[in-house]
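Chains as they are written, first to last, in full-length UniProt numbering: chain A, 1 to 374; chain B, 1 to 119.
The C-beta atom is built at its ideal place from N, Cα and C for all residues, glycine as well.
Predicted model only: the values in this text are computed from it and were never measured.
Beneath this line is the structure, given in structure tokens, with notes to follow.
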Amino acid sequence: MTDLRMTPLHALHDELGGKMVGFAGYDMPVQFPAGIMAEHIHTRTKAGLFDVSHMGQVILSGAPMAEIAAAFEALVPMDVIGLPRGRQRYGLFLNEAGGVLDDLMFANRGDHLFVVVNAACKHEDIARMKAALEPGVKVTEVTDRALIALQGPEAEVALMKINAAVADMDFMDVATVMLDGVECWVSRSGYTGEDGYEISVPERHAEALARLLLEHEDVMPIGLGARDSLRLEAGLCLYGHDIDTQTLPAEAGLSWAIQKVRRHGGDRAGGFPGADAVLDQIVQGAARKRVGLRPEGRAPMREGVALFASDSGGERIGAITSGGFGPTVGGPVAMGYVPTDQAAPGTTVYGELRGKRLPLTVTRLPFVAANFKR
Amino acid sequence: MKYTEEHEWLLEEGDLIVVGITEHAAEQLGDVVFVELPEAGTEVTKDEEIVVIESVKAASDILAPLDGEIVEVNGTLTDKPGLVNEDAEGGAWFFKIKPSDLSPMDDYMDEAAYKDFIA
């Protein structure tokens, strides 16, 4: 446990009574005294402050923007060249078979791309980018900045108290914003299904900024537990659970993230790892799909629960990849993979829990409608 | 009141023993969202898993602290599992058992010993 790294907000988490756990090599708060349920509901109704400093922040620079974008396009199946200045996009790193190595966010910040990757994958991601992009493009891990997410319907009003300019940002905009006298890199995005911001702030100012935000009566500190239930209700994938090297984008329901220009028939089709398998699956359809699942009873069904087509006998048809209790839904919710012919909303499948097969209904995602400012 | 190392409390009520989990255990579990109780009339053996509790974090079991017959269960918990967090050592009792062998009671902790145990 002593090997766990600390974020710049670690002392603040301790002071706020955070219950700390090891996560992706960092000592992180899983919850605060309010508890996961209250933190979740607060984020959906007011605003929550999350420390996501464990995630990797990377700058791609050192060449004209068009060259950086073209180089990065060779690594991801997204339209990078067409991403306007001041805009952010969701992305995927894929292996040669099209399996997902990580999911990420990337932003055009004028003279460089700013990339945010998952904590557990960041060393591999950075090594992959360096190997593919250097020396033409410089790959720099940002190690002197914290990353704070402010999420929820009151996030805008709370952040406007510090700088009213953030109100002008739309969903997936990025901008450099002065917050409390410090230059912050702000995006209007997050991973909760709510409106909100992610704020990259110099580490020595992170605690002061977090304290300033927490002074607002509607802002409460939120741990990883509620972060997980929020993203699950929002139908968002957690890397290593809902997506991994064994899943291709189309079966994971992530085809939307691959813009037409990179697909078969597009002007810049292919040219990224796993392109053939990934693009063929978009056209031909996948044999299985990631779906939302609502247990009919009250018992939560969690990751690993095997799924069956009937309440007795038969082969396993899939498994739950994320599951738990959805505080806003007010009942158990889950996601998992099922054969495409059993993926239509309304289909009943069965999960094996403690030796019993219990019914779940295939449900359209998200469970809770997104509340973005478009 | 007696306490087990599984963080159950046991309260004698006539010839029955009322069983629940301690406030400490409820706090460790976090928000309880599901409780599955045995049926009244079930014969149980000590250390048998007879109650399932699911919190927002994880699933856990409650073991039968004694041999005997479950004579009554607290059905309120099925509809209102959050009561476990609100009133763990009162209204959120799980079941009443008619023990066939009371001898394990001597091995269970009193309040002072349990406080040391969780300290």
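By the criterion of at least three beta-carbon pairs nearer than 8 Å, the region 211 to 228 of chain A is not in contact with the region 71 to 86 of chain A. For the set A:S189, A:E73, A:E183, the Cα lying nearest the Cα of A132 of chain A is the one of A:E73. Residues of chain B whose Cβ lies closer than 8 Å to the Cβ of I36 of chain A are, in chain order, G30, D31, V56, K57. An exposed status is given to S100 of chain B, since fewer than 16 other beta-carbon atoms sit within 10 Å of its beta-carbon. Inclusion of H13 of chain A and P29 of chain A in the CB contact set at 8 Å is warranted, their separation being smaller than that value. For G336 of chain A, the uninterrupted beta strand (DSSP E) run begins and ends at 331 to 339, by DSSP.
Our two residues, P339 of chain A and K260 of chain A, have alpha carbons roughly 26 Å apart in a direct line. Among the residues of chain B, those whose CB is under 8 Å from the CB of S229 of chain A are V56, following chain order. In this structure, the alpha-carbon of K289 of chain A lies about 50 Å from that of K115 of chain B.
Distance from the CA atom of E39 of chain A to the CA atom of D51 of chain A, rounded to whole angstroms, is 14 Å. With a beta-carbon spacing of about 14 Å, I53 of chain B and A64 of chain B fall beyond the 8 Å limit used to define contacts. When DSSP reads this structure, V58 of chain A sits in a beta bridge with A:V115, A:E141. When DSSP states are grouped into helix, strand and coil, I126 of chain A belongs to the helix group. Taking a C-beta cut-off of 9 Å against chain B, the contacting residues of the region 325 to 342 of chain A are F325, P327, G331, P332, listed in chain order.
When Cβ-Cβ separations below 8 Å define contact, A299 of chain A makes contact with chain B. For V18 of chain B, not one C-beta of chain A is nearer than 8 Å to its own C-beta. Closest in C-alpha terms to M37 of chain A, from the list B:G20, B:E8, B:N85, B:K98, comes B:N85. Between A309 of chain A and V362 of chain A, the C-beta spacing is not below 8 Å. Around the beta carbon of N108 of chain A, a 10 Å sphere encloses 16 or more other beta carbons of the protein chains shown; the residue is thus reported as buried.
Excluding its 5 nearest sequence neighbours in each direction, E43 of chain B has C-beta neighbours in its own chain below 6 Å: E69, listed in chain order.
Look at R354 of chain A: its C-beta is under 8 Å from a C-beta on chain B. The beta carbon of Q284 of chain A does not come within 8 Å of any beta carbon belonging to chain B, so the residue lies off that interface. Look at G351 of chain A: its C-beta is not under 8 Å from any C-beta on chain B. Per DSSP, the beta-bridge partners of W185 of chain A are A:T176, A:S200.
With respect to the 8 Å criterion, R302 of chain A and I320 of chain A are classified as neighbours on the basis of their beta carbons.
Here A47 of chain A is bridged, per DSSP, to A:V219. Distances from the CA of D218 of chain A to each of A:M178, A:L224, A:K161 were compared; the closest alpha carbon is that of A:K161. Using beta-carbon distances, E86 of chain B does not count as an interface residue toward chain A, since no partner is under 8 Å. Straight through space, the alpha carbons of G351 of chain A and V333 of chain A are spaced by roughly 12 Å. From the beta-carbon of G225 of chain A, the residues of chain B found nearer than 9 Å are G30, V56, K57. Short of 6 Å from the beta carbon of D27 of chain A, and not among the five residues preceding or following it, lie these beta carbons of its own chain, in chain order: L4, M6, M20.
Straight-line spacing of the CA atoms in E141 of chain A and A252 of chain A works out to 29 Å. Closest option to A92 of chain B, judged by alpha-carbon separation, among B:A113, B:E5, B:V35, B:F117: B:V35.
At a C-beta separation below 8 Å, E36 of chain B has these neighbours in chain A: A299. By the C-beta density criterion, G223 of chain A is buried, having at least 16 other C-beta atoms within 10 angstroms. In this structure, P77 of chain A keeps its C-beta atom at 8 Å or more from the C-beta atom of A206 of chain A.
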